[in-house]
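Top to bottom, those sequences are chains A and B.
Per the numbering used here, numbering through the first sequence is continuous, rising by one, with the last residue being 581.
Per the numbering used here, numbering through the second sequence is continuous, rising by one, with the last residue being 393.
Heads up, the beta-carbon is just placed ideally off N, CA and C, and yes, glycines get one too.
Computed from a predicted structure; not experimentally measured.
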Amino acid sequence: DAGITQSPRHKVTETGTPVTLRCHQTENHRYMYWYRQDPGHGLRLIHYSYGVKDTDKGEVSDGYSVSRSKTEDFLLTLESATSSQTSVYFCAISSDRGSSYEQYFGPGTRLTVT
Amino acid sequence: QKEVEQDPGPLSVPEGAIVSLNCTYSNSAFQYFMWYRQYSRKGPELLMYTYSSGNKEDGRFTAQVDKSSKYISLFIRDSQPSDSATYLCAMTINQAGTALIFGKGTTLSVSS
């Protein structure tokens, strides 16, 4: 998985609780992304980062926040989890050297909100 | 209308068959086109990418882009049971790649 780890890999949480998912990369790539994948919707971009402390919103950013204090780590926080945020979350990375459209994905985090 | 349309299948073929997977899109500004393969409960892995129109071949896989028809295809020759996976097309306008738009994926099953 291109030097990308995600933690936790599985999580069950209750509605209203905060949740933080972590993405860690060892590739020193500039760009990092958070997606969610749901049946019938495919992969949708939540937030992305183009450098340390530089982030921007994606298609489905409501209810999510992100932070990137180091090149290698990108955190996704659900401030107050809802059942609609039950999903599989994927982190991806891409380089700014040449073809940065080539995104490489982590193994995913399966989140269930009860 | 979604920007990228992909038939979800499922598509079932016997081993050795030629498989054709397709996506259509509506935004003529898309320039870079990718195919990802995703095995069950795994992250997507980049299979092939092409820039603009034309064909690109890599072993048993051929990616084809027809920008005039806004249509991309992935052909798999001599399909194997190990090709059983979900195939996602993706595309973007610029090389920065920050706005990658994915199709919903087509599930392929190759039986031995």
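Can you tell me the Cα-Cα spacing of residue i and residue j, whole angstroms?
i, j, result
"residue 284 of chain B", "residue 290 of chain B", "19 Å"
"residue 472 of chain A", "residue 561 of chain A", "14 Å"
"residue 298 of chain B", "residue 343 of chain B", "14 Å"
"residue 295 of chain B", "residue 530 of chain A", "44 Å"
"residue 526 of chain A", "residue 339 of chain B", "32 Å"
"residue 310 of chain B", "residue 510 of chain A", "20 Å"
"residue 373 of chain B", "residue 383 of chain B", "9 Å"
"residue 351 of chain B", "residue 305 of chain B", "6 Å"
"residue 517 of chain A", "residue 539 of chain A", "12 Å"
"residue 494 of chain A", "residue 543 of chain A", "19 Å"
"residue 508 of chain A", "residue 359 of chain B", "30 Å"
"residue 287 of chain B", "residue 563 of chain A", "29 Å"
"residue 336 of chain B", "residue 346 of chain B", "6 Å"
"residue 496 of chain A", "residue 354 of chain B", "29 Å"
"residue 579 of chain A", "residue 551 of chain A", "9 Å"
"residue 553 of chain A", "residue 505 of chain A", "9 Å"
So, is residue i buried or exposed, given that buried needs 16 or more other C-beta atoms within 10 angstroms?
i, result
"residue 479 of chain A", "exposed"
"residue 368 of chain B", "buried"
"residue 571 of chain A", "buried"
"residue 325 of chain B", "buried"
"residue 477 of chain A", "exposed"
"residue 317 of chain B", "buried"
"residue 313 of chain B", "buried"
"residue 320 of chain B", "exposed"
When every heavy atom of the ligand NAP is checked, does at least one fall within less than 7 Å of the C-beta of residue i?
i, result
"residue 332 of chain B", "The ligand NAP is absent from the structure shown, which contains no ligands of any kind."
Exercise. Would you be able to state if there are at least three C-beta pairs under 8 Å between the stretch 545-563 of chain A and the stretch 482-495 of chain A?
Key: yes
Quiz item: Between the stretch 381-391 of chain B and the stretch 349-366 of chain B, do three or more beta carbon pairs fall short of 8 Å?
Solution: yes
Self-check item: Members of the stretch 314-329 of chain B near chain A, C-beta cut-off 9 Å
Solution: 315, 317, 319, 322, 323, 324, 325, 326, 327
Quiz item: Can we say the stretch 535-545 of chain A touches the stretch 511-526 of chain A, given the rule of at least three CB pairs closer than 8 Å?
Solution: yes
Self-check item: Segment contact, 8 Å Cβ cut-off, at least three pairs: the stretch 493-502 of chain A with the stretch 476-484 of chain A
Solution: no
Quiz item: Of all the beta strand (DSSP E) runs that stay within the bounds of the stretch 487-544 of chain A, which reach a length of 3 or more residues?
Solution: 498-505, 509-518, 521-524, 531-537
Quiz prompt | Positions along the stretch 545-570 of chain A whose CB lies within less than 9 Å of some CB in chain B | solution = 555, 557, 558, 559, 561, 563, 565, 566, 567, 568, 569, 570
Exercise. With 8 Å as the C-beta to C-beta threshold (strictly closer), list the residues of the stretch 338-360 of chain B near chain A in chain order.
Key: none
Quiz item: Taking any Cβ of chain A, which residues in the stretch 378-390 of chain B have a Cβ under 8 Å from it, in chain order?
Solution: 378, 379, 380, 381, 383, 384, 385, 386
Exercise. Only counting runs of 4 or more residues, tell me where the alpha helix (DSSP H) segments fall wholly within the stretch 332-361 of chain B, in order along the chain.
Key: none
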